[in-house]
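Residue numbers (my numbering), protein chains in the order written: chain Z, 1 to 358; chain B, 359 to 528.
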């Protein structure tokens, strides 16, 4: 966003927090003044600065200070009447370091694998976007030692991270549907579509605001919103997931250009089975994880499927037969087996733009 | 004196996760839900309702079955709903996870979520909302007690890693 937008965005932000909380931005600046340092930057960020948010939304404030100041990755919470103000006090060095890590990660062929914020915690993903999409009200522009610009890095990180999540979800949806796990398959299929939407929106330069605002974001893109609509409610009943998954893969491809067919993905994926080991006890076959303190009984066919790979601890997906896929997926839903990727998924920007504009 | 009829480590793990891994997000989701409904943000209402259905199902499994391990967020709904079948909260949790229809009024969705959350909080208990002005310090004090209990039984911290990550590199 250009600096010329700042006065208009600031007016809009002021008008919203006045309407919701009868709070002035001057009061915010006064409350956080005890955290300020000479020469620091003040950036307002979060959903309220991006035309989203509501009366229950907090206001994020980044204070980015020169080297030598004390900082914290945890926000300091403040309340001004009903408005919660979360303040991150960071050093230039830390911010520069995060952007450098992003640049290195994007240049690597390895998967990002949630390194900058996973599904549960979107810490650095959000931090980067607060910086590049927030409203800087004081201080000099941030200078980074990266080759690429901050906005470009933040955009490409979201596309890459969400592209990889989409790939993961798409593969799991297909295995789930093929092995009779209809609900899990449908949940993953819807997830893949939503992750594809995030990747595509980021590719178009739309600021990242986290998963929860996706559907409000899609209102600005009526064609994408219409394409998403069939996935908003999961199908009901056994045997319904295969069609839903197929449609989801088609939508992901339409938005990102990525071919997500299971055989293609299986060549790069491996099931990691942790410390699981088969313990035959008389006629029973028990699967034990000491690390997790958990034990499962296997049916004879499942035990045979397990034994075909021995105690390897890692099953290459392309070598799995249907029974091994079924067992691995069941163990995945039980919180044990994890999918590992040998390579990242770089959604080419030109492909993204082409796919979305089409 | 009343004995807890389960292995101490399992009990502390399950109750600790139900209270601290599920409790604060549910408080936050309910705030989001009410804010979204008031603003007519029906997409956000539907997204949050899904999270509430999923989190309540997982809370029910932890509270009633103390099943371990618990999978990551992306397949937690399927894990939990396979284990709540037959319970009184299953149908509502499933309906919320599947997704509310476009023509259902936002306020009805909010009411459904409010009722479901009240049932689960009655069973599991509540913790102070650390994202509120009056809940921050009581919440921090209580979580410190829980961390001592978890350490005593040999279970790892239940705090979000975000709370403790990177403190040294700021």
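Think of the CB as a built atom: it goes at the ideal place given N, C-alpha and C, for glycine as much as any other residue.
- A check of alpha carbon separations from residue 92 of chain Z across Z:46, Z:39 and Z:44 identifies Z:39 as the nearest.
- Between the segment 128–135 of chain Z and the segment 176–187 of chain Z there are fewer than three C-beta pairs closer than 8 Å, too few to call the two in contact.
- For residue 329 of chain Z, the CB contacts under 7 Å within the same chain, skipping 5 residues up- and downstream, are 175, 176, 179 and 181 in chain order.
- Counting the other Cβ atoms within 10 Å of the Cβ of residue 207 of chain Z gives 16 or more, which makes it buried.
- Residue 483 of chain B has a beta carbon lying at 9 Å or more from every beta carbon in chain Z.
- Within 9 Å of the CB of residue 506 of chain B, no CB atom of chain Z is found; the nearest one sits about 20 Å away.
- Listed along chain B is no residue with a C-beta nearer than 9 Å to that of residue 271 of chain Z; the closest approach is about 14 Å.
- Restricting attention to beta strand (DSSP E) runs no shorter than 3 residues, the segment 127–158 of chain Z encloses them at 135–138, ordered along the chain.
- The segment 431–445 of chain B makes no contact with the segment 476–491 of chain B, as fewer than three CB pairs between them are under 8 Å.
- As the crow flies, the alpha-carbon of residue 61 of chain Z is around 6 Å from that of residue 88 of chain Z.
- The Cβ atoms of residue 185 of chain Z and residue 249 of chain Z do not sit closer than 9 Å to each other.
- In this structure residue 272 of chain Z does not touch residue 342 of chain Z by the C-beta definition: roughly 12 Å separates them, more than the 8 Å allowed.
- The distance from the Cβ of residue 144 of chain Z to that of residue 211 of chain Z is about 27 Å, inconsistent with a contact at the 8 Å cut-off.
- Across the structure, residue 448 of chain B and residue 287 of chain Z are spaced so that their CA atoms are roughly 28 Å apart.
- In the three-state reduction of the DSSP assignment, residue 426 of chain B falls in the coil class, being assigned neither a helical nor a strand state.
- In the three-state reduction of the DSSP assignment, residue 445 of chain B falls in the coil class, being assigned neither a helical nor a strand state.
- Beyond the five residues adjoining it in sequence on each side, residue 259 of chain Z comes within less than 7 Å, by CB distance, of 253 in the same chain, given in chain order.
- The alpha helix (DSSP H) runs lying completely inside the segment 215–277 of chain Z and spanning 4 residues or more are 222–228, 241–256 and 262–266, given in chain order.
- Excluding its 5 nearest sequence neighbours in each direction, residue 375 of chain B has C-beta neighbours in its own chain below 7 Å: 420, 428 and 516, listed in chain order.
- For residue 329 of chain Z, the uninterrupted alpha helix (DSSP H) segment begins and ends at 322–333.
- In the DSSP assignment, the residues bridged to residue 44 of chain Z are Z:61 and Z:135.
- In the structure shown, residue 285 of chain Z falls within a strand segment according to DSSP collapsed to helix, strand and coil.
- Per the coordinates, the alpha-carbon of residue 498 of chain B lies some 15 Å from the alpha-carbon of residue 508 of chain B.
- The C-alpha of residue 57 of chain Z is placed about 19 Å away from the C-alpha of residue 42 of chain Z.
- Of the residues assessed, residue 131 of chain Z falls on the buried side of the cut-off, its CB having 16 or more other CB atoms within 10 angstroms.
- DSSP places residue 290 of chain Z in no alpha helix (DSSP H); its state is neither H nor E.
- Pairwise C-beta distances place the segment 298–314 of chain Z out of contact with the segment 388–396 of chain B, as fewer than three of them are shorter than 8 Å.
- About 5 Å separates the Cβ atoms of residue 244 of chain Z and residue 235 of chain Z, confirming a contact at the 8 Å cut-off.
- Two segments are said to touch when three or more pairs of C-beta atoms, one from each, lie closer than 8 Å; by this definition the segment 190–207 of chain Z does not touch the segment 378–385 of chain B.
- With distances taken between CA atoms, residue 463 of chain B lies nearest to B:400 out of B:400, B:453, B:475 and B:423.
- In terms of beta-carbon proximity, residue 390 of chain B lines the interface with chain Z, with at least one pair separated by less than 9 Å.
- Not one beta carbon of chain B lies nearer than 9 Å to the beta carbon of residue 33 of chain Z.
- For residue 91 of chain Z, the secondary structure class from DSSP, reduced to helix, strand or coil, is strand.
- DSSP places residue 362 of chain B outside both helix and strand once states are collapsed to three, so it counts as coil.
- Non-local C-beta neighbours of residue 195 of chain Z in its own chain, meaning closer than 7 Å and more than five positions away in sequence, comprise 162, 165, 166 and 169, ordered along the chain.
- If one requires a minimum length of 4 residues, the alpha helix (DSSP H) runs lying completely within the segment 178–222 of chain Z are 182–203 and 214–218, in chain order.
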